[in-house]
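Trainee: Number 296 marks the last residue of the sequence shown (my numbering); no jumps.
Glycine included, every Cβ here is placed at the ideal spot set by N, Cα and C.
In this text, all values refer to a predicted model and were calculated from it rather than measured experimentally.
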Amino acid sequence: MARTAWDSTVGKKTVMAVSGLIMLLYLVVHMIGNLKIFFGAGEFNHYAHWLRTVGEPFMHYEWTLWLVRIVLVVAVVAHATSAYQLSRRDIRARPSKYVHKKPRASYATRTMRWGGIILGLFIVWHILDLTTGTVHSGGFQEGRPYQNVVDTFSTWYGNVIYVVAMLALGLHIRHGFWSAAQTLGAGSRSRDRALKATANVLALLLTVGFIAVPVGVMTGVVS
Ligand code: HEM
74 MARTAWDSTV GKKTVMAVSG LIMLLYLVVH MIGNLKIFFG AGEFNHYAHW
124 LRTVGEPFMH YEWTLWLVRI VLVVAVVAHA TSAYQLSRRD IRARPSKYVH
174 KKPRASYATR TMRWGGIILG LFIVWHILDL TTGTVHSGGF QEGRPYQNVV
224 DTFSTWYGNV IYVVAMLALG LHIRHGFWSA AQTLGAGSRS RDRALKATAN
274 VLALLLTVGF IAVPVGVMTG VVS
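Structure follows, in structure tokens:
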């Protein structure tokens, strides 16, 4: 039963929609949390510490954080796997042998594919930069994310990588939210306008909210 659902196109699209919405929820929380950087190092670093102690004393140190990490990894893997399989299916189904010009995937489909690849690469870079410190530009300081963020956005390439990724994120969410709503059956003639507007507002708020941090450092508001 589960196997048949997973093998169907609708099943894979449902997996994409649900995993996408889980990641979207995480991003809204992450973006709001990041804005605390505008209240100074003390408040931002305190917030990062809280992320590790949340749920105590029931949860041990970092247990809640690890739970969130596991859910996110499952969501990313499910999202990427079903995207890849759906796109293979799409390519196989095209009757390219019989037509003169190969039909190209639509603009939205191509944007989603490239956006997804950019975001996948960004997530790896971002974790190596601000969680493990492996590719970090300054001397990475465990437990001091405020200083680490300032270091990242004090380099030109740090700003370029993050701003490009956030623009890709906005486009990806704009179309992805809309597609997820259709897959999950929320679309209808009367609701489609409202759904499109919600997708646009969400995409814009997330992009602007995330980009505010590098802009804050570049302009010296955060230093
Ligand atoms: C300008 C934009 C962003 C900034 C300034 C930022 C900042 C940070 C910081 C400082 C951390 C480390 C937190 C800590 O260790 O306490 C972090 C972790 C993380 N961020 Fe971001 N982030 C941004 C955008 C994003 C985006 C767009 C995504 C997803 C597509 C993302 C996903 C993550 C993930 C998965 C972690 C790892 C959490 C963990 O396992 O500890 N971030 N971010």
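1) Using 7 Å as the cut-off, classify the Cβ of arginine 142 as near or not near the heavy atoms of ligand 1, replying yes or no.
2) Roughly how many angstroms lie between the CA atoms of arginine 183 and leucine 194, to the nearest whole one?
3) Would you say the beta carbon of alanine 153 comes nearer than 7 Å to a heavy atom of ligand 1?
4) Applying the 10 Å Cβ sphere with the 16-neighbour rule, what's the burial state of leucine 277?
5) Can you tell which of Val141, Trp136, His199 has its C-alpha closest to the C-alpha of methionine 239?
6) Would you tell me roughly how many angstroms separate the C-alpha atoms of arginine 162 and valine 88, rounded to the nearest one?
7) Output needed for leucine 257: all residues of its chain with C-beta closer than 6 Å, excluding positions within five of it in sequence on either side, in chain order.
8) Hey, glycine 188 and leucine 244 are a contact pair by Cβ (cut 8 Å); roughly how many whole angstroms apart?
9) Sorry if obvious, but does the Cβ on asparagine 221 come closer than 7 Å to a heavy atom of ligand 1?
10) For asparagine 221 and threonine 228, I'd like the C-alpha separation in whole angstroms.
11) What is the DSSP secondary structure of leucine 257, counted as helix, strand or coil?
12) Could you tell me the alpha carbon to alpha carbon distance between leucine 124 and lysine 109, rounded to whole angstroms?
Mentor: Inspection of the coordinates gives the following:
1) One-based indexing of the sequence shown puts residue 142 at position 69. Result yes, Cβ under 7 Å from ligand 1.
2) Looking up residue 183 in the sequence shown gives position 110. Looking up residue 194 in the sequence shown gives position 121. If I take the Cα positions, the gap works out to 17 Å.
3) Residue numbering aside, residue 153 sits at position 80 when the sequence shown is read from its first letter. No; taking the cut-off as 7 Å, the Cβ of alanine 153 has no heavy atom of ligand 1 nearer than that.
4) Taking the sequence shown and counting its residues from 1, the one referred to as residue 277 is at position 204. Leucine 277 comes out exposed.
5) The residue you call residue 239 lines up with position 166 of the sequence shown. Measuring from the Cα of methionine 239, the nearest candidate turns out to be His199.
6) Translated into positions along the sequence shown, residue 162 becomes position 89. Translated into positions along the sequence shown, residue 88 becomes position 15. If you take the alpha carbons of arginine 162 and valine 88, they lie about 16 Å apart.
7) Taking the first residue of the sequence shown as 1, we reach residue 257 at position 184. Counting only Cβ-Cβ distances below 6 Å, and skipping sequence neighbours, we find Ala90.
8) For this step, residue 188 is matched to residue 115 along the sequence shown. For this step, residue 244 is matched to residue 171 along the sequence shown. Correct: roughly 6 Å between the Cβ atoms.
9) Your numbering for residue 221 matches position 148 in the sequence shown. Yes, ligand 1 has a heavy atom inside 7 Å of this Cβ.
10) Sequence index remark: in the sequence shown, residue 221 carries index 148 (1-based). Sequence index remark: in the sequence shown, residue 228 carries index 155 (1-based). Roughly 12 Å between the two C-alpha positions.
11) Here the question's residue 257 lines up with position 184 in the sequence shown. Of the three classes helix, strand and coil, the one that applies to leucine 257 here is coil, per DSSP.
12) Against the sequence shown, residue 124 aligns to sequence position 51. Against the sequence shown, residue 109 aligns to sequence position 36. In a straight line, the C-alpha of leucine 124 is about 13 Å away from that of lysine 109.
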